[in-house]
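**Q**
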Amino acid sequence: MPFLRRGVAAALVLVLWTPGPLPLRAREETAAGRWKATLGLEYNFRTIAWDQKTRFSRLDAAVLLAGIRLQVIRGWHASAVLGCGLSDWSGLVFRNLPFSVDYEAGYRAGITAGGGLETHLVRFGSWDIGMAGRLLASFGSRKTLSLSGLNEEGRLDVRGRWMRVQAGPVVTYRSSVALATFFKASFDRLWGAFTMAETIGELDGTEEKAVVGRSWVSISGGLLWEPSPAFGLGLEGTVFPYRRAGGGVGLDAGAALRASAGF
Amino acid sequence: MPSLVKTKTILGLALLAAALFPSARQAGPAKILDLAFVPETDGPAGAEYVEGQILVKFKPQAGVVVRAASLVACGSRLIARLPRLDVYVVAIPPDESVERMVEVYRRNPDVEYAEPNGYLRVEMTPNDTLFKYQYALANTGQQIGSIPGSPAGRASADIKATSGWEESKGSPEVVIAVVDTGVDLTHPDLKNKLVNAGRDFVNNDLDASDDHGHGSMVAGIAAADTNNLEGVAGVAWNSKILPLKAIDSSGTGTTDKVAEAIRWAADNGAQVINLSLGSSLPTNTLRDACRYAFEKGAFIAAAAGNGGQAVHYPAAYDAYVFAVAATDYNDARASFSNFGPEVDAAAPGVRTLAPYASALTPPGYLPYAYGDGTSFATAHVSGLAALIKGLKPSLSPAQIMAVIRYSADDVNAAQAKGRDDELGYGRINLEEAIVPLKIRK
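Taken in sequence, the protein lines are chains C and E. At the far end of the first sequence sits residue 267, using our numbering, and the numbering has no gaps. At the far end of the second sequence sits residue 585, using our numbering, and the numbering has no gaps.
(1) Could you please tell me which residues of the region 549-576 of chain E, in chain order, have their CB closer than 8 Å to any CB of chain A?
(2) Quick check on DSSP: helix, strand or coil for E:Glu267?
(3) Report whether the distance from the Cβ of C:Gly71 to the nearest heavy atom of the ligand MN is below 7 Å.
(4) Three Cβ pairs or more, each shorter than 8 Å: is that satisfied between the region 296-316 of chain E and the region 530-537 of chain E?
(5) Can you tell me where the alpha helix (DSSP H) holding E:Phe520 begins and where it ends?
(6) If the cut is a Cβ gap below 7 Å, which residues of chain C does E:Lys582 touch?
(7) Taking beta-carbon pairs under 7 Å, can you tell me which members of the region 198-214 of chain C lie near chain E?
(8) Check the Cβ of E:Arg477 against every Cβ in chain C and list those closer than 7 Å, keeping chain order.
(9) Per DSSP, what are the beta-bridge partners of E:Lys384 in this structure?
(10) Can you tell me whether DSSP reads C:Asp192 as helix, strand or coil?
(11) Is any beta-carbon of chain C found at less than 8 Å from that of E:Lys585?
(12) So for C:Asp64, helix, strand or coil by DSSP?
(13) Can you check DSSP and say which residues form a bridge with E:Gln559?
(14) If you draw a straight line from the alpha carbon of E:Leu567 to that of E:Ser481, how long is it in whole angstroms?
(15) Quick one: list the residues of chain E neighbouring C:Ser61, beta-carbon separation under 8 Å, in chain order.
(16) DSSP three-state call for E:Gln453: helix, strand or coil?
(17) Spatial neighbours of E:Gly357 within its chain, please: C-beta separation below 6 Å, excluding the five flanking residues on both sides.
(18) Taking CB distances under 8 Å as the criterion, tell me whether E:Gln170 reaches chain C.
(19) For E:Arg477, count neighbouring C-beta atoms within 10 Å of its own C-beta (all shown protein chains included) and say buried if the count is 16 or more, exposed if not.
(20) List the whole-angstrom C-beta distance separating E:Val318 from E:Gln197, where the pair is believed to meet the contact cut-off of C-beta under 8 Å.
(21) Go through its chain and collect everything with a Cβ distance to E:Gly452's Cβ below 6 Å, but skip five positions before and after it.
(22) How long is the line joining the alpha carbons of E:Tyr509 and E:Asp333, rounded to whole angstroms?
(23) Taking C-alpha atoms, which residue in C:Leu86, C:Val67, C:Gln75 lies nearest to C:Trp39?
(24) What does C:Leu160 reach in chain E if we use C-beta pairs closer than 9 Å?
(25) Report yes or no: is there a C-beta of chain C within less than 8 Å of the C-beta of E:Ala546?
(26) Assuming the contact rule is C-beta atoms closer than 8 Å, E:Gly562 and E:Ala367 should be a hit. Round their C-beta distance to whole Å, please.
(27) Counting beta carbon pairs with one atom in the region 100-118 of chain C and one in the region 130-137 of chain C, are three or more of them shorter than 8 Å?
(28) Taking any Cβ of chain C, which residues in the region 318-347 of chain E have a Cβ under 7 Å from it, in chain order?
(29) So is C:Ala82 in contact with chain E if we call contact Cβ pairs under 8 Å?
(30) What does the Cβ neighbour count give for C:Ile77, buried or exposed, with the cut at 16 atoms within 10 Å?
(31) Write down the C-beta distance between E:Ala470 and E:Thr398 rounded to the nearest angstrom, noting that I regard them as a contact closer than 8 Å.
(32) According to DSSP, simplified to helix, strand and coil, what is E:Ala433?
(33) Please classify C:Arg38: does DSSP put it in a helix, a strand, or coil?
(34) List the endpoints of the continuous beta strand (DSSP E) containing C:Thr176.
(35) Do you know how far the Cα of E:Ser360 is from the Cα of E:Ile406?
(36) Taking C:Arg99 as part of the alpha helix (DSSP H), name the residues at either end of that continuous run.
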C-alpha cells in the first residue's frame, strides 16, 4: 500500500529530523515536562494530481484539532493532535468502474490525527530560529451513496484519506513580550487516496485514485499573541506554490487559527 | 437445421430509390450537403467546454478597477467582453483547470457568476446523408422514409445514440465479428471498416463477400463508416468489422459452420460477436462454441428470433449469450419478436435502415435497405457492446451484459414493470450505459 509506505517513510523523516509545526511558543518555556492543551482550526486547498499526474483537481480540507504539547527536554517540544475534518474531493473522475462516475459530492467527514516536533536552534536578540515539522493524516470515513436511475439498485462506497508532511525552518521575531511574528518555509508534501467501490446488482468494481499535491513547499507567515505564559493565540496564512506544466507558478492557500493553554 | 432469422427486408419499395434524393443525384455532392444535417461544431470531440477560458459576470456595483484587480489576482487575462450582457470571456492561467478557476471566481464577492464557456451542439449528429431516417439512433418523430405513407416514429423512442456519442464513438481496437451471410467488402459505408476480407466458412476461403444482403445490413448497423458524408451511421463509429460468412446465399447455415465461425472469431481477436441468426433446435456444438468465445472474453449478442415464440438458440444460451428482442419506432415490442426468460434487452428492429449489398441492389436504387427483425436489433446491441469495450477494456463479457441490462429503458413498464420476458430489461440506452453518472452534493 503506497499510502502506508509513504506514512512510514514520512514518520521516519520526522523522527530523524525533528522540527515542529506551529511556532506557538514565543515565550520560552524553561521547565521540561510542562504540558499545554491546544486547539486549532485549519483550512487548506491544494491542487492535486492523479492518473499518473495527467489529471488535476482540488482537495479542500478543513480540520478542527485538539491536542497536547509537551516540552520533552529544554528547547524541544512534541505535540500530538486528534480531531475531525471535512475533505472535499470533488473533481475526481472514475472511468474504470462498470458505470463511469464523475464525483462532485462535496465535503466528507473523517478523523484526523497527527503529531509534530519543534526545537530552537539559534537566538539573536529578538530573533529566534528553529526547526519545526509535523505529520497530519486524515483517515476519512466510509460513506455510502445510493445510485438511482438504473434498473438495479446501486450504491457507491467512497473513502478518501490524505496525509500531509511539513518540515522546515521557522524564524520568529518578538516585537514585544506578548507579540511575535513568524515566517516558515517548509517542505510540504501531500499524498492521498480516494477509493470508490461501485455495486449495482451483480456488477461490482473498485477504483482507487492515488493523488499527490502539486506543491512540494509551503511558505507561511503569522502572528502569535501570548498575553500570559499560560495562554497563546496564533494566526497563520500559508501559500503553496507549484510549477505549472505550461510554465508559470500556481498558488494554493490555507489558513489556521490556533490557541494554547498551559496547565 | 438452423435457419436464418426471418428478416423482412423490404427491398424494392424500401430500398431508398435515388429518386428520393433528386437534388443529390442531379447536382452532385454539393447538393447532398444540402440534405445533410448540422455538422459538428468546432471543439474537441466529447469536450463539454472550452479549455483555458471561462465566462465571468461581475456584479454591477463592481467598478472597473475592482474587475481588473480580480482578473489580475487570479492570473487571468481578458479575451473579450460581451457588452450587452456585461460578461467577460477570460483566459485562465495555463495548466489551471476550468473547474477550479470557476470555483475561485465564484468565491469572489464581486462576481455574480462564473462558469465554463461550454460548447453547444445539436448533439453529436453525424453528417451521413441518410442519418435522418435512422430513427433507431435519433428519433425525432420523423417520417421513416420518403415514400408517401411511410410511418412516423415517436420522438425519443431511440437508443440515445447522439448523447452516447458525446462520450465515445468507439475504439478501432475493438473488433465486431459478424457471423452471417458475409459483408459487402466494397460497400462505401463498410469497406473502410473491415479488419480484412474475413473468412468464408461456407466456401472455405478467405473472402467473406455477402451474397445474400443480410450480413451487410447487420454489419452496417453495428459499425458503418460514420460521419463520412454518405449513407448511414453505425452505432460504433470507430470499431472494426470482421466479416465471417457462415450462412449461404439462401440465408441458411449449419451448426458446424456457425460454431466454427464463432470459435474462429474468438481466436482471432473479436471482442464482440454478432449472431443475427438462430434456430429453435438446441445443439451442444453451438452452445460449446458460445461458451468457448465467452470464456475467451468475447461478448456475444444474438437475435431472440422473429416467430413470436420461444427464444431461439443461440440467444437462449443464457449464460454466454445476450438475447435481443426487437422494438419499433414507438418503443413498442415488435409483434414478431420472440420472448422468454432468456431475453436480456431490446433494441429497434422495425424499419431499421442499413447498408445493403451493392451487387444485389437493383439498378436505380441506393445500396441501402430497411429491414425488420431481431437481427437488426441485435446489431445495435453489438455496437453498444463495442462502445463499452472500447471505453473499458477490462470489463468481462458478463459485466458488459450487466451494464447493458441495467442501463436499458424500461419502455414497457406500464404493462410489466421491471424485467419481463418480452423486452427483458428494456430498450437499450447508450447514454445511460456510457455517459458518466454525476454524483453531486
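In this text, a Cβ means the ideal position worked out from N, Cα and C, and glycines have one as well. Every value quoted in this text rests on a predicted model; they were computed, and no experiment measured them.
**A** This is what the structure gives:
(1) Although the question refers to chain A, the structure presented lacks it and instead comprises the protein chains C and E.
(2) Low confidence applies here, because E:Glu267 scores a pLDDT of 42, under 50, leaving its location unreliable; read the following figure in that light. DSSP places E:Glu267 in coil when its eight states are reduced to three.
(3) No copy of the ligand MN appears in this structure; indeed no ligand is present at all.
(4) Verdict: yes, contact present.
(5) 518-535 is the span of the alpha helix (DSSP H), which, as asked, contains E:Phe520.
(6) Asp106, Glu108, listed in chain order.
(7) Within the region 198-214 of chain C, the qualifying residues are Ile204, Gly205, Glu206, Leu207.
(8) By Cβ distance, chain C contributes nothing, its closest Cβ being about 17 Å from E:Arg477, past 7 Å.
(9) DSSP output for E:Lys384 lists E:Val319 as bridge partner(s).
(10) Strand.
(11) Under the Cβ criterion of 8 Å, E:Lys585 is counted among the residues facing chain C.
(12) Strand, per DSSP.
(13) DSSP, once it has assigned bridges, lists no residue as partnering E:Gln559.
(14) Taking the Cα positions, E:Leu567 is about 9 Å away from E:Ser481.
(15) Residues of chain E passing the Cβ test: Ser241, Glu243, Arg244.
(16) Note: E:Gln453 maps to coil in three-state DSSP.
(17) Counting only residues of its own chain and dropping the five nearest sequence neighbours on each side, E:Gly357 has a CB closer than 6 Å to the CB of Tyr500, Ala501, Leu504.
(18) In this prediction, E:Gln170 scores a pLDDT of 27, lower than 50, which makes its location untrustworthy; the coordinate-derived value is nonetheless stated afterwards. E:Gln170 does not count as touching chain C.
(19) Of the other Cβ atoms in all chains shown, 16 or more fall within 10 Å of the Cβ of E:Arg477; this residue is therefore buried.
(20) Going by Cβ atoms, the distance from E:Val318 to E:Gln197 rounds to 34 Å, so no, they are not a contact pair.
(21) Around E:Gly452, the same chain offers Phe480 as residues with beta carbons nearer than 6 Å, after the five sequence neighbours per side are excluded.
(22) Between E:Tyr509 and E:Asp333, the C-alpha separation is close to 15 Å.
(23) Measuring from the Cα of C:Trp39, the nearest candidate turns out to be C:Gln75.
(24) Neighbours of C:Leu160 on chain E, chain order: Leu581, Ile583.
(25) Yes, E:Ala546 counts as interfacial toward chain C.
(26) With a contact defined as Cβ atoms closer than 8 Å, E:Gly562 and E:Ala367 miss out at about 31 Å.
(27) Remark: fewer than three beta-carbon pairs, one from each stretch, lie closer than 8 Å, so the region 130-137 of chain C and the region 100-118 of chain C are not flagged as touching.
(28) Hits within the stretch: zero.
(29) Cβ-Cβ to chain E under 8 Å: no for C:Ala82.
(30) C:Ile77 is exposed by the Cβ-count criterion.
(31) In fact, because the Cβ distance is near 25 Å, the residues do not count as touching under 8 Å.
(32) Helix.
(33) Of the three classes helix, strand and coil, the one that applies to C:Arg38 here is coil, per DSSP.
(34) Counting along the chain, the beta strand (DSSP E) containing C:Thr176 begins and ends at 158-178.
(35) About 18 Å.
(36) The continuous stretches of alpha helix (DSSP H) do not include C:Arg99, and DSSP gives it neither H nor E.
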